[in-house]
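Student:
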Amino acid sequence: MEIRRDVFQAIADPTRRAIILLLAVGAMTPNGIADHFQTSRQAVSKHIKVLTECDLLSQEQQGREIYYHLKADKMKEIEKWLDQFRELLAKRFDQLDQVLHQLKQSKK
Amino acid sequence: MKTALLFNFDVDKKNDTIHVERSFNAPIDLVWAAWTEAEILDQWWAPKPYQAVTKSMNFEVGGRWHYYMLGPEDDIHWCLFHYESIEKEKHFSGIDTFCDESANINNTKPRVKWKNEFSEEEDSTIGQYPASF
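Respectively, the protein sequence lines represent chains A and B. Just so we're aligned: 90 in the numbering used here is position 90 of the first sequence, and the numbers increase by one with no gaps anywhere. Whatever position you read off the second sequence (first residue = 1), add 1000 for the numbering used here.
1) Here's a check: name, in chain order, each residue in its chain whose Cβ is nearer than 8 Å to the Cβ of I11(A), leaving out the five neighbours to either side.
2) Grab the span of the alpha helix (DSSP H) containing T52(A) for me, first residue to last.
3) Just to confirm, is the Cβ distance from V1020(B) to T1125(B) under 8 Å?
4) Could you compute how far the alpha carbon of L82(A) sits from the alpha carbon of R92(A)?
5) From R5(A), Q95(A), H101(A) and K108(A), pick the residue whose C-alpha is nearest to that of Q1051(B); which is it?
6) Counting contacts by CB-CB distance shorter than 8 Å, is N1116(B) in contact with chain A?
7) Interface residues of chain A around Q1043(B) at Cβ under 9 Å?
8) Which residue from H36(A), G63(A), Q59(A) and K74(A) puts its Cα closest to that of A27(A)?
9) Using the rule of at least 16 other Cβ atoms within 10 Å of the residue's Cβ for burial, across every protein chain shown, is L100(A) buried or exposed?
10) For a test of the three-state rule: what should DSSP assign to E79(A), helix, strand or coil?
11) Which residues in chain B have a C-beta closer than 9 Å to the C-beta of L88(A)? List them in chain order.
12) 8 Å is my cut-off, CB to CB: does L82(A) come that close to chain B?
13) For I1028(B), collect the residues of the same chain with a Cβ closer than 7 Å to its Cβ; drop the 5 residues on either side in sequence, then sort them by chain order.
14) Return no unless some Cβ of chain A is closer than 8 Å to the Cβ of L1006(B).
15) Have a look at E1122(B), A1038(B) and H1091(B) and flag the residue whose alpha-carbon is nearest the alpha-carbon of W1065(B).
16) Go ahead and label S1023(B) buried or exposed: buried means 16 or more other beta carbons lie within 10 angstroms of its beta carbon, across all protein chains shown.
17) Identify, in the order they occur along the chain, each residue of the same chain with its Cβ nearer than 6 Å to the Cβ of K1115(B), setting aside the five sequence neighbours on each side.
18) In whole angstroms, what is the alpha-carbon distance linking Y1083(B) and I1105(B)?
19) What's the gap between the Cα of G1062(B) and the Cα of S1085(B)?
20) With which residues is E1021(B) paired in a DSSP beta bridge?
Here you go:
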């Protein structure tokens, strides 16, 4: 099965959401990120890998250290999706209104 | 009398939750039936021009609703709703996921966790739907 990586995959996990919030404040090294979590460094680096595959992070080499930056524009996809989701629900509920109206009529 | 319908859609980014609230001009038993009976759900669940088609539905805790959305170009999108808790005419909750024809869940697509709460107010019913993903 093809593995789809996108922003929704990225935010599906609470640790990844926390990493996104950290990086929203500023670029960090893998160790700097891991210091914020109780879990192992391996676990954190796995999440960083997923976030990179989701194309949410960019890397910058500074001397011996790698810094991760958050690609904020990617997060806009979530805003777009929320708008679409709201539209979907509004439409769905309008349709439900009609169905309820018919049900009421047929009950009379 | 037709009262204005309430529709709230609030996003709680910190908890990745969307709070949806909507009122319906119908008694609670009808609204409950519309959310929990396959033949009624098929009439409104899919946004037109899509059409929802139920393959199987077992409305009980641990049960599931296996359905697809039929698109205007005959495209088919299979979905599965798992029921986690049910209290008649009060609330039910579960997880909505994408799957295939044999109900194998597709883990690469977003899943939505719903709690649907209903309450009656005079001659209308209010539905509250916190969704998290």
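All C-beta atoms, glycine included, are put in the ideal place defined by N, C-alpha and C.
Tutor: Let me spell this out:
1) For the purposes of this step, residue 11(A) is taken as the residue at position 11 of the first sequence. Excluding sequence neighbours, I11(A) sits near R17, I20 and I78.
2) Taking the first residue of the first sequence as position 1, residue 52(A) is located at position 52. That run of the alpha helix (DSSP H) goes R41 to E53.
3) Taking the second sequence and counting its residues from 1, one reaches residue 1020(B) at position 20. Taking the second sequence and counting its residues from 1, one reaches residue 1125(B) at position 125. No, the Cβ-Cβ distance between V1020(B) and T1125(B) is not below 8 Å.
4) Walking along the first sequence from the start, residue 82(A) turns up at place 82. Walking along the first sequence from the start, residue 92(A) turns up at place 92. About 15 Å.
5) Translated into positions along the second sequence, residue 1051(B) becomes position 51. That would be Q95(A), whose Cα lies nearest to the Cα of Q1051(B).
6) Working through the second sequence from its first residue, we reach residue 1116(B) at position 116. No, its Cβ sits nowhere closer than 8 Å to a Cβ of chain A.
7) By one-based count along the second sequence, residue 1043(B) stands at place 43. Ordered by position in chain A, the residues that pass the 9 Å Cβ test against Q1043(B) are Q95, L96, Q98, V99 and Q102.
8) Numbered from its first residue, the first sequence carries residue 27(A) at position 27. Answer by Cα proximity: Q59(A).
9) In the first sequence, residue 100(A) corresponds to position 100, counting from 1. So L100(A) counts as buried.
10) Your numbering for residue 79(A) matches position 79 in the first sequence. In this structure, E79(A) counts as helix in the three-state DSSP scheme.
11) Along the first sequence, read from residue 1 onward, the residue named residue 88(A) stands at position 88. By Cβ distance, chain B contributes P1047.
12) Walking along the first sequence from the start, residue 82(A) turns up at place 82. Chain B, which has a Cβ nearer than 8 Å to the Cβ of L82(A), makes this yes.
13) In the second sequence, residue 1028(B) corresponds to position 28, counting from 1. Once the five neighbours on either side are set aside, the close Cβ partners of I1028(B) are E1089, F1118, E1120 and T1125.
14) Along the second sequence, one-based indexing puts residue 1006(B) at 6. No, L1006(B) lies away from the interface with chain A (no Cβ there is under 8 Å from its Cβ).
15) As a working mapping, residue 1065(B) is identified with position 65 in the second sequence. Checking every option, the nearest Cα to that of W1065(B) belongs to A1038(B).
16) As a first step, residue 1023(B) must be located in the second sequence, where it is residue number 23. Buried: at least 16 other Cβ atoms inside 10 Å.
17) One-based indexing of the second sequence puts residue 1115(B) at position 115. So the list reads S1093 and P1130, once near-sequence residues are dropped.
18) In the second sequence, the residue the question calls residue 1083(B) occupies position 83. In the second sequence, the residue the question calls residue 1105(B) occupies position 105. Between the C-alpha atoms of Y1083(B) and I1105(B) there is a straight-line separation of about 15 Å.
19) As a position in the second sequence, residue 1062(B) is number 62, starting the count at 1. As a position in the second sequence, residue 1085(B) is number 85, starting the count at 1. Each residue's alpha carbon lies about 8 Å from the other.
20) In the second sequence, residue 1021(B) corresponds to position 21, counting from 1. Per DSSP, N1008(B) and Q1128(B).
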